[in-house]
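Visitor: In numbering that gives the first Met the number 0, the protein residues as written are 0 to 214.
Glycine residues also receive a C-beta, built at the ideal position from the N, C-alpha and C atoms.
Sharing a structure, written as structure tokens. Questions coming.
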Amino acid sequence: MGPPGAGKGTQAGRIAAERGLAHIATGDMLRAAVRDGTPLGLEAKAVMARGDLVSDDLIIAMFRERLGADDTSAGVLLDGFPRTEAQAGALDDMLLGLDRSIAAVVVFDIDEETVVRRLSGRRMCRANDHVYHVESNPPAVEGVCDIDGSELYQRDDDQPDVIRTRFRKQWIEAAAPVIEYYRGRGLVSNLDAAQSREQVSAELDELLDGLGARA
Ligand code: ADP
Ligand code: ADP
0 MGPPGAGKGT
10 QAGRIAAERG
20 LAHIATGDML
30 RAAVRDGTPL
40 GLEAKAVMAR
50 GDLVSDDLII
60 AMFRERLGAD
70 DTSAGVLLDG
80 FPRTEAQAGA
90 LDDMLLGLDR
100 SIAAVVVFDI
110 DEETVVRRLS
120 GRRMCRANDH
130 VYHVESNPPA
140 VEGVCDIDGS
150 ELYQRDDDQP
160 DVIRTRFRKQ
170 WIEAAAPVIE
180 YYRGRGLVSN
190 LDAAQSREQV
200 SAELDELLDG
210 LGARA
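Structure follows, in structure tokens:
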């Protein structure tokens with residue numbers, strides 16, 4: 000968990016690949032739905048563009064279907080879900096039904112000004128949401144994804160005013176009770192996400208290695 004721009008997607012993509020986990024990123028799934036023009040995408044598009052949360056009912060239904068796919072049996076890394084108390088409750092019910100549990104909740108701590116700077120330079124690829132930064136992590140060829148060759152673009156919601164809305168409404172307001180809920184269950188570890196990619200990677204790897212059999 001963490002505010003927009005904390006580096007969740009960057010780290011989750013790497014860790015899922017290294018550890019053979021399914022990476023479930025609800026933001027990536029919603030952008031794919033918008034791209035494909037599905038009913039969910041049509042409903043979510045304007046909500047996402049203004050920095051609000053998509054309704055719990057839609058997100059939970061989308062997530063439930065994804066969690067049922069075959070690639071989740073070896074373990075799942077959740078990125079951007081759950082973001083509200085209703086989603087956390089629904090996740091608990093789903094896990095109970097599957098006889099599975101949450102091994103850890105990692106909270107990425109970072110301040111608002113740093114995320115505004117980071118997201119103003121973020122670029123994503125059209126095909127698979129691979130993440131770049133114009134200064135700190137540019138692609139080899141400007142505007143082209145190193146991994147799949149698709150076009151890089153700037154997200155509608157990566158504008159300073161929408162970034163600030165997302166930070167305040169989605170992170171400070173909606174996520175706080177979710178973190179407290181997990182903290183009460185002893186699941187939360189905080190990480191200083193304002194550090195370099197290398198430092199964040201090293202801390203996160205150590206934390207995950209320490210989970211041992213639970214993960
Ligand atoms: P970031 O990684 O920059 O925080 P995401 O790509 O995770 O952003 O999400 C983009 C947008 O998709 C959010 O601003 C929100 O509108 C919507 N969204 C993603 N996940 C959820 C969720 N779990 N609940 C509600 N809305 C969501
Ligand atoms: P999130 O999924 O939390 O919204 P991203 O992983 O998309 O965040 O990262 C947001 C932006 O910051 C991207 O442009 C990414 O390249 C860049 N970034 C990620 N981690 C770091 C870091 N540790 N230091 C500097 N920039 C970073």
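So the beta strand (DSSP E) I59 belongs to, where does it begin and stop?
Guide: Stepping through the sequence shown from its first residue, residue 59 is reached at position 60. Looking at the DSSP string, I59 is not in any beta strand (DSSP E); the run it does join, the alpha helix (DSSP H), is 55–66.
Visitor: According to DSSP, simplified to helix, strand and coil, what is S188?
Guide: Translated into positions along the sequence shown, residue 188 becomes position 189. If DSSP states are grouped into helix, strand and coil, S188 belongs with the strands.
Visitor: Classify R122 as helix, strand or coil using the three-state DSSP reduction.
Guide: The residue labelled residue 122 in the question sits at position 123 within the sequence shown. Three-state result, R122: strand.
Visitor: If we call anything under 8 Å between Cβ atoms a contact, is D27 one with D128?
Guide: Taking the first residue of the sequence shown as 1, we reach residue 27 at position 28. Taking the first residue of the sequence shown as 1, we reach residue 128 at position 129. Yes, Cβ-Cβ distance for D27 and D128 is below 8 Å.
Visitor: Going by DSSP, which residues form a beta bridge with Y181?
Guide: The sequence position of residue 181 within the sequence shown is 182, counting from 1. Answer by DSSP bridge pairing: none, since Y181 is not bridged.
Visitor: For N136, list the residues DSSP reports as bridge partners.
Guide: To locate residue 136, count along the sequence shown from 1; it is residue 137. DSSP, once it has assigned bridges, lists H132 as partnering N136.
Visitor: Pick from V104, P138, V46: whose alpha carbon is nearest that of V33?
Guide: On the sequence shown, residue 33 is found 34 positions in, with the first residue counted as 1. Here the closest residue by C-alpha is V46.
Visitor: Taking the alpha-carbon of E150 as reference, which of D92, V140, Q158 has the nearest alpha-carbon?
Guide: Here residue 150 refers to the residue found at position 151 when the sequence shown is read from its first residue. It is V140 whose Cα lies nearest to the Cα of E150.
Visitor: Tell me whether the stretch 186–201 and the stretch 99–106 touch, counting them as touching only if at least three CB pairs, one residue from each stretch, are closer than 8 Å.
Guide: The answer is yes - the stretch 99–106 touches the stretch 186–201, with three or more Cβ pairs under 8 Å.
Visitor: For V46, is the beta carbon positioned less than 7 Å from some heavy atom of ligand 1?
Guide: Taking the sequence shown and counting its residues from 1, one reaches residue 46 at position 47. At least one heavy atom of ligand 1 is nearer than 7 Å to the Cβ of V46, so yes.
Visitor: Around the Cβ of P38, are there at least 16 other Cβ atoms within 10 angstroms (buried) or fewer (exposed)?
Guide: Reading the sequence shown from its first residue, position 39 is the one you call residue 38. Per the 10 Å Cβ criterion, exposed.
Visitor: Return helix, strand or coil for L52, following the three-state DSSP convention.
Guide: As a working note, residue 52 is residue 53 in the sequence shown. In the structure shown, L52 sits in coil (DSSP, three-state: anything other than H, G, I, E or B).
Visitor: Determine the direct distance from the alpha carbon of S100 to that of L66, and round the result to whole angstroms.
Guide: Mapped onto the sequence shown, residue 66 falls at position 67. Mapped onto the sequence shown, residue 100 falls at position 101. Roughly 13 Å between the two C-alpha positions.
Visitor: Span of the alpha helix (DSSP H) holding L76?
Guide: In the sequence shown, the residue the question calls residue 76 occupies position 77. Careful: L76 lies outside any alpha helix (DSSP H), inside the beta strand (DSSP E) at 75–78.
Visitor: Could you check the C-alpha separation between L217 and G6 for me, to the nearest Å?
Guide: The question about residue 217 has no answer here: the residues shown for the chain are numbered 0 through 214.
Visitor: So, using beta-carbon positions, are R30 and V161 closer together than 8 Å?
Guide: Taking the sequence shown and counting its residues from 1, one reaches residue 30 at position 31. Taking the sequence shown and counting its residues from 1, one reaches residue 161 at position 162. Not a contact, by the Cβ cut-off of 8 Å.
Visitor: By a C-beta neighbour count over all protein chains shown, 10 Å radius and 16 as the cutoff for buried, is Y131 buried or exposed?
Guide: Within the sequence shown, residue 131 is the residue found at index 132, counting from 1. Under this definition Y131 is a buried residue.
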